[in-house]
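The structure under discussion appears below in the form of structure tokens.
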Amino acid sequence: MHATIVALYQSREMVVTMNTREMGFDALLARILTELPELSSELRKAARFLVDHPDEVALVSMRVLAARSEVTPTTFVRLARRLGFGDWAALRKPFEDRLRSGKAPFAARADALVKRGSEAIFAESLRTTVANLAAAEAANASEEIAKACAILEKAQRIRVAGFRSCRAPAHALVYLCRMFRRDVTLLGGDGGAIEAELAALGKREAVVAIGFSPYSRELGPVMEAAQRHSVPIVAIVDSVAAPIARHADVTLRFSTDSPSFFPSVAAAMAIVEALAATMLARSGPAAAARVRETELELQAFGAYLPE
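Going letter by letter, the sequence shown gives residues 1 to 307 in UniProt numbering.
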């Protein structure tokens, strides 16, 4: 009898493993969410991390994932087997395939968020933002910041490119820099054809490109034009492997981790604010005087509500 039970179990395990071999990311996500209530607390913690951080699962080692999710590396091995995979590499494959395909599973993440419930999301979002800011500080060496500032200081005009959700940090960089220099513009900011702006790029200019996966297609022509005109590029991105980082002169990195359905741009915003502040500090008293002049002009135009 015991031998029969073992044989049946092994047969079932083989069928489950075979069924997971060609499993796509969406199917895997559905399986994790289905199994989640039945998992032990430790496995549940690891499973939630997989759901909330799919890019990291594909890009970093199991040991790093374990440290980030506060579980042991063997927990991910046990989770893989619990979900019917032969090993961790097999469980990781759908995450790798998803990243290679460029698929943006926002709807799947939204479904996961709804099923999870709202009780801890607000606090977790704030904690994740704090972690993203710490990661940005650790990822960007002072030498790279100085190199980025040197490129932008040398440029006679700075063109900033950011689209969709990255429009906010791009606009913030332009707004802040224009407080102390007038030659910073937002590409596509006037509502006209961006191709005309790119055709007018000059060698004495610089481009700042901001983006994260999946990368906005508008960034492609921007990078091509910058290369064609030999214009230096400062890339503010989520990965050194990003398409817009491959030909950049300087790459500043930010994390988009979020328990929400959409990647966070909080760290990108912090980077552009810190970059603008560093540029001002390096520019000296004349730049501070221009900030004072700009502020007086804004007040004269009635830009602010009376307090």
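Ideal placement from N, C-alpha and C gives every residue a C-beta, glycine not left out.
Proximity below 7 Å, CB of residue i to CB of residue j
i, j, result
"Ser61", "Ala46", "no"
"Ala248", "Ile233", "yes"
"Leu133", "Ala268", "no"
"Leu28", "Pro73", "no"
"Ala135", "Ser255", "yes"
"Lys147", "Val250", "yes"
"Leu79", "Leu33", "no"
"Phe261", "Ala110", "yes"
"Phe25", "Arg92", "no"
Pick from the options that is closest to residue i, judged by C-alpha positions
i, options, result
"Ala170", "Phe76, Leu91, Leu187, Ser125", "Leu187"
"Arg217", "Ile194, Arg48, Thr34", "Ile194"
"Glu205", "Lys154, Ser125, Pro285", "Lys154"
"Arg182", "Ala287, Leu59, Leu219, Leu113", "Ala287"
"Ser40", "Ala168, Gln227, Arg127, Phe76", "Phe76"
"Asp55", "Glu307, Pro285, Ala226, Glu96", "Glu96"
"Thr128", "Arg81, Asp52, Asn140", "Asp52"
"Val231", "Ala30, Arg31, Leu152, Val207", "Val207"
"Ala131", "Phe106, Val114, Ser118, Ala270", "Ala270"
"Ser140", "Leu252, Leu152, Tyr215", "Before going on, a small fix: residue 140 reads as Asn here, not Ser. Nearest C-alpha to Asn140: Leu252."
"Ala199", "Leu152, Gly189, His229", "His229"
With 16 other Cβ atoms within 10 Å as the buried cut-off, status of residue i
i, result
"Arg159", "buried"
"Ala123", "exposed"
"Gly84", "buried"
"Ala104", "Only weak support exists for where Ala104 lies, its pLDDT of 47 falling under 50; the coordinates are left without a value."
"Ala241", "exposed"
"Val184", "buried"
"Phe49", "buried"
"Leu219", "buried"
"Arg63", "exposed"
Straight-line Cα distance separating residue j from residue i
i, j, result
"Ala172", "Leu36", "40 Å"
"Ser264", "Ser239", "14 Å"
"Glu224", "Ala150", "22 Å"
"Leu201", "Ala245", "19 Å"
"Arg157", "Leu65", "42 Å"
"Val71", "Ala196", "52 Å"
"Ala303", "Ala274", "24 Å"
"Gln227", "Ala138", "29 Å"
"Ala89", "Leu59", "12 Å"
"Met23", "Arg31", "10 Å"
Heavy atom of the ligand SAM within 6 Å of residue i beta-carbon
i, result
"Phe261", "In the structure shown, the ligand SAM is absent, as is every other ligand, since no ligand is present at all."
is_contact[residue i, chain B] using C-beta, thresh 7 Å
i, result
"Met62", "Although the question refers to chain B, the structure presented lacks it and comprises just one protein chain."
Quiz item: Using 8 Å as the Cβ pair cut-off and three pairs as the minimum, do the region 278-297 and the region 170-179 touch?
Solution: These segments touch.
Quiz item: Below 8 Å, can you find three or more Cβ-Cβ pairs linking the region 158-167 to the region 204-217?
Solution: At 8 Å Cβ cutoff, the stretches touch.
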